[in-house]
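Right, one structure below, let's go through it.
Chains as they are written, first to last, in this note's numbering: chain A, -19 to 158; chain B, 9 to 488.
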């Protein structure tokens, strides 16, 4: 055991209901580096975990604006300044005709921002302490779990495990080779 | 008395369960992952894959021949400079629309029944848009300069003409493809993680681990994920309405009678949804046949709902057909009037009446509940609709054959290259779709689990709930 380091504690619960109640207790105990894991998004969990709203919409709004503005500038500059072509006597800066491309670029940038912004915010990690538990695989099937990481300032392997057991969890220690 | 009760019963019935049978979270995982994890590939899959693969090869050969010889190998002539290629383009883009409608619009309207078909329909969208994109791509003639369509700085100091609807198409369809593919992948992440956690081999585990981006199902992930999903749905909703509107402007911004109309954008969008739902229906009925485990998810009730959407959009299309005629008469414009009389009674009258029969007359059968719930009827009607919608685009494009100058009138008929290219696009469609059926979870597992009655948490009445655990879920189970 001496060459293994404890990286956190994982506790499994039976139902989404139980997970929400347990999350409220962990929140109230003041932990910060913790998470609840479930096979699908559970309604009401934001509140139970005391989480703030996602900032993603602001990012996407910015991207949408950039797409619309960039689209207009691209079309206006190429059609009226850099490469003015007379086509059917239409105005060089025909903003009506620029609408579809402006809209499409606004959409394109918002979509890219939604997906890549989300991936940036969800903290993608291929190695994470929770993966060291054999039972963690259950949370993508029908398991509900809480993980509290050792990096939490309040973390104490025994006390934290005891708390999770007390609120009805089936506890696993997360360990890693030194 | 009893007959009255019988007739009004369907109206009073509570909503049927979204997933049939004794569904739990783990049965959902097992049913759906099982399809992608099957060690032995079923015979039906190989047979279908070989046939469609061969047809897809034929598409490649036809494209090669076209590039080698030029567009003269098609049946194009001078008034009809756009033949089957544009017909097929509009046909395939239209089919794609149902996928986005199901994944985005129905999501915003909280139509939970969409969860069982959205993954499937979105995959169809992506493949259909690929098939669509091929046609204008190869129609440009000198495809080695196809990059002229994109605003790429080049040594000639040339820029595309943004006032052309054909360029709008490039942006609309390009954005549509990117958005659909990313939306689809986003939905797949949690399901790929499920496959990863069930994988036994090391290679499979690693590959799925990378594809699922190390998904942990943590709520700190779900929170952003859910917002991203909602945003994607909200963005895709105007997008799906705009794409076919833009496609319709290829026609509507011209000055040709019969094309130069403001009814085109809404009429095209309704037609797109109509044909797309028909294709989803065709594919889901086939999937239910070869993969019996999906029957509990793609239930008869879901199929019936799709039939209802088809009936509504079919009638919108029928309304557009008649309104076009009415306006042609009411406008007093002799050319406009000629075009429509010519459509119905001119050299392509057969195409016009195939279109009207398949799109307007036949779908009226869906007024009857019995018809909406009969698999053979649904299947036949979905095929009829696809035929009808292909002919609708054919009828529209053939407006070209008789323009303002009778001296230039000509009759268009396709060459064998046109026909084989179109058949080949079906080969490509089914090849890619079969790969999807074999290797990807074809139903969004995480989403289906989220709509099961057990998933519901009554978080506002904790005290009462904990006294009688599971009470809420039970009550839900009874009503559904």
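Virtual Cβ for every residue (Gly too), placed ideally from N, Cα, C.
Can you tell me the Cβ-Cβ gap for residue i and residue j, rounded? I've got them flagged as a contact below 8 Å.
{"i": "residue 284 of chain B", "j": "residue 102 of chain B", "result": "6 Å"}
{"i": "residue 247 of chain B", "j": "residue 184 of chain B", "result": "6 Å"}
{"i": "residue 16 of chain A", "j": "residue 202 of chain B", "result": "Contact doesn't hold; Cβ gap of about 17 Å is too wide."}
{"i": "residue 397 of chain B", "j": "residue 99 of chain B", "result": "7 Å"}
{"i": "residue 75 of chain B", "j": "residue 197 of chain B", "result": "Rounded, the Cβ-Cβ distance is 38 Å, inconsistent with contact."}
{"i": "residue 156 of chain A", "j": "residue 109 of chain A", "result": "7 Å"}
{"i": "residue 191 of chain B", "j": "residue 253 of chain B", "result": "Not confirmed; about 20 Å, so no contact."}
{"i": "residue 342 of chain B", "j": "residue 80 of chain A", "result": "Wrong, their Cβ atoms sit about 32 Å apart, outside the cutoff."}
{"i": "residue 260 of chain B", "j": "residue 272 of chain B", "result": "4 Å"}
Could you check what DSSP says for residue i in three-state terms: helix, strand or coil?
{"i": "residue 30 of chain B", "result": "coil"}
{"i": "residue 147 of chain B", "result": "helix"}
{"i": "residue 228 of chain B", "result": "helix"}
{"i": "residue 467 of chain B", "result": "Only weak support is given to the placement of residue 467 of chain B: the predicted model assigns it a pLDDT of 49, under 50, and the value that follows is read from those uncertain coordinates. Three-state result, residue 467 of chain B: coil."}
{"i": "residue 410 of chain B", "result": "coil"}
{"i": "residue 91 of chain B", "result": "coil"}
{"i": "residue 480 of chain B", "result": "Because residue 480 of chain B carries a pLDDT of 37, less than 50, the predicted location of this residue cannot be relied on, and no value is offered for it."}
{"i": "residue 435 of chain B", "result": "helix"}
{"i": "residue 17 of chain A", "result": "strand"}
{"i": "residue -12 of chain A", "result": "strand"}
{"i": "residue 426 of chain B", "result": "helix"}
{"i": "residue 63 of chain A", "result": "coil"}
{"i": "residue 150 of chain A", "result": "strand"}
{"i": "residue 127 of chain A", "result": "strand"}
{"i": "residue 374 of chain B", "result": "helix"}
{"i": "residue 111 of chain A", "result": "helix"}
{"i": "residue -7 of chain A", "result": "strand"}
Would you report the Cα separation of residue i and residue j, rounded to the nearest angstrom?
{"i": "residue 332 of chain B", "j": "residue 168 of chain B", "result": "33 Å"}
{"i": "residue 154 of chain A", "j": "residue 96 of chain A", "result": "30 Å"}
{"i": "residue 28 of chain A", "j": "residue 195 of chain B", "result": "25 Å"}
{"i": "residue 267 of chain B", "j": "residue 27 of chain B", "result": "45 Å"}
{"i": "residue 176 of chain B", "j": "residue 155 of chain B", "result": "15 Å"}
{"i": "residue 437 of chain B", "j": "residue 139 of chain B", "result": "7 Å"}
{"i": "residue 450 of chain B", "j": "residue 298 of chain B", "result": "13 Å"}
{"i": "residue 428 of chain B", "j": "residue 68 of chain B", "result": "10 Å"}
{"i": "residue 265 of chain B", "j": "residue 351 of chain B", "result": "12 Å"}
{"i": "residue 366 of chain B", "j": "residue 359 of chain B", "result": "11 Å"}
{"i": "residue 68 of chain A", "j": "residue 420 of chain B", "result": "29 Å"}
{"i": "residue 464 of chain B", "j": "residue -5 of chain A", "result": "10 Å"}
{"i": "residue 78 of chain B", "j": "residue 149 of chain B", "result": "6 Å"}
{"i": "residue 404 of chain B", "j": "residue 137 of chain B", "result": "21 Å"}
{"i": "residue 106 of chain A", "j": "residue 229 of chain B", "result": "14 Å"}
{"i": "residue 315 of chain B", "j": "residue 380 of chain B", "result": "6 Å"}
{"i": "residue 10 of chain A", "j": "residue -3 of chain A", "result": "21 Å"}
{"i": "residue 383 of chain B", "j": "residue 281 of chain B", "result": "20 Å"}
{"i": "residue 32 of chain B", "j": "residue 319 of chain B", "result": "34 Å"}
{"i": "residue 128 of chain A", "j": "residue 446 of chain B", "result": "38 Å"}
{"i": "residue 147 of chain B", "j": "residue 199 of chain B", "result": "39 Å"}
{"i": "residue 171 of chain A", "j": "residue 394 of chain B", "result": "The requested residue 171 of chain A does not occur in the structure, where chain A is confined to residues -19 to 158."}
{"i": "residue 338 of chain B", "j": "residue 401 of chain B", "result": "24 Å"}
{"i": "residue 237 of chain B", "j": "residue 115 of chain B", "result": "10 Å"}
{"i": "residue 188 of chain B", "j": "residue 444 of chain B", "result": "15 Å"}
{"i": "residue 212 of chain B", "j": "residue 204 of chain B", "result": "7 Å"}
{"i": "residue 414 of chain B", "j": "residue 82 of chain B", "result": "23 Å"}
{"i": "residue 309 of chain B", "j": "residue 121 of chain B", "result": "9 Å"}
{"i": "residue 347 of chain B", "j": "residue 416 of chain B", "result": "15 Å"}
{"i": "residue 231 of chain B", "j": "residue -15 of chain A", "result": "30 Å"}
{"i": "residue 19 of chain A", "j": "residue 290 of chain B", "result": "31 Å"}
{"i": "residue 104 of chain B", "j": "residue 277 of chain B", "result": "11 Å"}
{"i": "residue 292 of chain B", "j": "residue 128 of chain B", "result": "8 Å"}
Members of the region 112 to 137 of chain A that neighbour chain B once the beta carbon cut-off is set at 9 Å:
Considering only beta carbons, the part of the region 112 to 137 of chain A lying closer than 9 Å to chain B consists of 116, 117, 118, 119, 120, 121, 122, 123, 125 and 127, in chain order.
Please list, in chain order, the residues of the region 150 to 172 of chain B that have any C-beta partner in chain A closer than 9 Å.
Listed in sequence order: 159, 165, 166, 167, 168, 169, 170, 171 and 172.
List in chain order: all unbroken beta strand (DSSP E) runs of 3+ residues lying wholly within the region 263 to 296 of chain B.
Counting only runs of 3 or more, we get nothing.
What residues in the region 69 to 97 of chain A bring their beta carbon closer than 8 Å to a beta carbon of chain B?
Taken in chain order, the members of the region 69 to 97 of chain A whose beta-carbon sits within less than 8 Å of a beta-carbon on chain B are 70, 74, 77, 78, 80, 81, 83, 84, 85, 87, 88, 90, 91, 92, 94, 95 and 97.
Chain-ordered residues of the region 223 to 239 of chain B with a beta carbon less than 8 Å from chain A:
Residues passing the 8 Å Cβ filter: 223, 224, 225, 226, 227, 228, 229, 230, 231, 232, 233, 234, 235, 236 and 239.
Anything in the region 250 to 262 of chain B with a Cβ closer than 9 Å to a Cβ of chain A? List those residues in chain order, please.
In summary, the residues of the region 250 to 262 of chain B whose CB is separated from some CB of chain A by less than 9 Å are 250, 251, 253, 254, 257 and 261, in the order they occur in the chain.
Residues from the region 1 to 13 of chain A in contact with chain B, defined by Cβ distance under 9 Å:
Under the 9 Å Cβ criterion, the region 1 to 13 of chain A contributes 1, 3 and 4.
Name, going along the chain, the residues of the region 184 to 203 of chain B whose beta-carbon falls closer than 8 Å to a beta-carbon of chain A.
Residues 186, 187, 190, 191, 193, 194, 198, 201 and 202.
Quick check on the DSSP output: what are the complete alpha helix (DSSP H) runs of length 4 or more inside the region 52 to 132 of chain B, in order along the chain?
You should have 92 to 108.
Would you list, in chain order, the members of the region 29 to 43 of chain A that have their beta-carbon closer than 7 Å to a beta-carbon of chain B?
Residues of the region 29 to 43 of chain A with a C-beta atom less than 7 Å from some C-beta of chain B are 29, 31, 34, 36, 37 and 40, listed in chain order.
Listed in chain order, which residues of the region 382 to 407 of chain B have Cβ atoms closer than 9 Å to some Cβ of chain A?
Per Cβ criterion, the list is empty.
Entirely within the region 72 to 107 of chain A and at least 4 residues each: give me those alpha helix (DSSP H) ranges in chain order.
Taking only runs of at least 4 residues, the alpha helix (DSSP H) segments lying wholly in the region 72 to 107 of chain A are 75 to 101.
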